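Below is one structure, written out as structure tokens, with a few remarks after it.
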Amino acid sequence: MNIQLRSRKPVWILLLLLGGLLHAQGDWEAGVPLNTPRYGATSVVLNGYIYVLGGARNTNLILNTVERYNPQTKSWEDTIVPNFVQPRLDAAAIVFDGKIYLTGGRNSQGDITDEVEIYDPGSNAWSSGERMNRERRGHSAVILNGSICVMGGFREGTDYVDEIEWFDYYGSGEWEKADTDIVSPRSNMFAAAVNNRFYMFGGIAVVPI
Numbered sequence: 213m214n215i216q217l218r219s220r221k222p223v224w225i226l227l228l229l230l231g232g233l234l235h236a237q238g239d240w241e242a243g244v245p246l247n248t249p250r251y252g253a254t255s256v257v258l259n260g261y262i263y264v265l266g267g268a269r270n271t272n273l274i275l276n277t278v279e280r281y282n283p284q285t286k287s288w289e290d291t292i293v294p295n296f297v298q299p300r301l302d303a304a305a306i307v308f309d310g311k312i313y314l315t316g317g318r319n320s321q322g323d324i325t326d327e328v329e330i331y332d333p334g335s336n337a338w339s340s341g342e343r344m345n346r347e348r349r350g351h352s353a354v355i356l357n358g359s360i361c362v363m364g365g366f367r368e369g370t371d372y373v374d375e376i377e378w379f380d381y382y383g384s385g386e387w388e389k390a391d392t393d394i395v396s397p398r399s400n401m402f403a404a405a406v407n408n409r410f411y412m413f414g415g416i417a418v419v420p421i
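Under the numbering used here, think of the first position of the sequence shown as 213, with each following residue one higher.
Shown next, in the form of structure tokens:
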């Protein structure tokens, strides 16, 4: 996959994740608290539900649990979706082909992983996916040109990952390295894909971004 990267000025984003609900008039109100306090989790929207996956309660308790927000009952459900196998902190989740792909992160042994797990809401079960080429934590995932793309993150210490990988779902069924690397390697950034381009915002890096 040929991906073109352009450097932009830093963009500061204030993200209030599940801290409230934004109304059309721009007001906020308190949302329903999660059943389990967690940080470093990842979240997606699938079939009208919000899913929050993994994260940690403290440095010694990394989670493999999933909570699902039901907008009809305005409640978090933590007994519907089974636990995934590998507890993960700073993983990245993305919805593709009606399933949740959970990629990378730090596991409960303290290792940064390249493992992928896939949740199928039809069978309400997790399965193992094809491993990524690089283990990474604090990375981002987007859908670009009909494929899952993961970018950024770090392996150990200040070893930031500059490679971009994409999952060749309709071809080899394997992760492929993109033709272009990230200009400014970073972790814990935000990313979005619009009009066949993806954008990265902020993050942590060795040098200023």
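Idealized CB from N, CA, C, for every residue including glycine.
Keep in mind the model is a prediction, meaning the values are calculated, not measured.
Next on the checklist: Could you pull the DSSP bridge partners for residue 376 from this structure?
Outcome noted: By one-based count along the sequence shown, residue 376 stands at place 164. According to DSSP, which records beta bridges pairwise, residue 376 is partnered with 363.
Item to check | CA nearest to the CA of residue 295, picked from 302, 284, 306, 280 | outcome: Locating residue 295 in the sequence shown gives position 83, where the first residue counts as 1. It is 280.
Checklist entry - How many angstroms separate the CA atom of residue 260 from the CA atom of residue 406? => result The residue labelled residue 260 in the question sits at position 48 within the sequence shown. The residue labelled residue 406 in the question sits at position 194 within the sequence shown. Going by the C-alpha atoms only, they are around 21 Å apart.
Checklist entry - Under 9 Å, do residue 333 and residue 312 count as touching if we go by C-beta distance? => result For the purposes of this step, residue 333 is identified with residue 121 of the sequence shown, where counting begins at 1. For the purposes of this step, residue 312 is identified with residue 100 of the sequence shown, where counting begins at 1. Cβ distance < 9 Å, so residue 333 and residue 312 count as in contact.
Checklist entry - Hey, quick one: how far does the beta strand (DSSP E) through residue 326 stretch, first residue to last? => result As a working note, residue 326 is residue 114 in the sequence shown. Here residue 326 belongs to no beta strand (DSSP E), and DSSP marks it neither H nor E.
Checklist entry - For residue 251, which three-state DSSP category applies? => result For the purposes of this step, residue 251 is taken as residue 39 along the sequence shown, with counting starting at 1. Strand, per DSSP.
Checklist entry - By a C-beta neighbour count over all protein chains shown, 10 Å radius and 16 as the cutoff for buried, is residue 245 buried or exposed? => result On the sequence shown, residue 245 is found 33 positions in, with the first residue counted as 1. Exposed, because fewer than 16 other Cβ atoms sit within 10 Å of the Cβ of residue 245.
Next on the checklist: Please state the DSSP three-state secondary structure of residue 476.
Outcome noted: Since the displayed the chain opens at 213 and closes at 421, residue 476 lies outside it and no answer follows.
Next on the checklist: Can you tell me whether residue 286 is helix, strand or coil according to DSSP?
Outcome noted: Residue mapping note: residue 286 aligns to position 74 of the sequence shown, counting from 1. Residue 286: coil per DSSP, three-state reduction.
Checklist entry - Is it buried or exposed for residue 240, if we count other Cβ within 10 angstroms and need 16 for buried? => result Position 28 of the sequence shown, counting from 1, holds the residue named residue 240. Under this definition residue 240 is an exposed residue.
Next on the checklist: Which same chain residues end up closer than 7 Å to residue 273 when comparing Cβ atoms and leaving out the 5 residues on each side of it in sequence?
Outcome noted: Position 61 of the sequence shown, counted from the start, is the residue given in the question as residue 273. Once the five neighbours on either side are set aside, residue 273 has no close Cβ partner at all.
Checklist entry - Can you give the Cα-Cα distance for residue 400 and residue 385, rounded to whole angstroms? => result Counted from its first residue, the sequence shown places residue 400 at position 188. Counted from its first residue, the sequence shown places residue 385 at position 173. The straight-line gap from Cα to Cα measures roughly 27 Å.
Item to check | Boundaries of the beta strand (DSSP E) in which residue 270 is found, first to last residue | outcome: Taking the first residue of the sequence shown as position 1, residue 270 is located at position 58. Counting along the chain, the beta strand (DSSP E) containing residue 270 begins and ends at 268 to 270.
Checklist entry - Hey, quick one: how far does the beta strand (DSSP E) through residue 337 stretch, first residue to last? => result One-based indexing of the sequence shown puts residue 337 at position 125. Counting along the chain, the beta strand (DSSP E) containing residue 337 begins and ends at 337 to 340.
Checklist entry - Can you tell me whether residue 299 is buried or exposed, with buried defined as 16 or more other CB within 10 angstroms of its CB? => result If you number the sequence shown from 1, residue 299 lands on position 87. Its Cβ being crowded by 16 or more others within 10 Å, residue 299 is buried.
Checklist entry - Is the beta carbon of residue 376 less than 9 Å from the beta carbon of residue 392? => result What you label residue 376 is simply residue 164 of the sequence shown in a count that begins at 1. What you label residue 392 is simply residue 180 of the sequence shown in a count that begins at 1. Yes, these two residues count as a Cβ contact at 9 Å.
Next on the checklist: Please report the straight-line C-alpha distance between residue 379 and residue 293, rounded to a whole angstrom.
Outcome noted: On the sequence shown, residue 379 is found 167 positions in, with the first residue counted as 1. On the sequence shown, residue 293 is found 81 positions in, with the first residue counted as 1. The straight-line gap from Cα to Cα measures roughly 25 Å.
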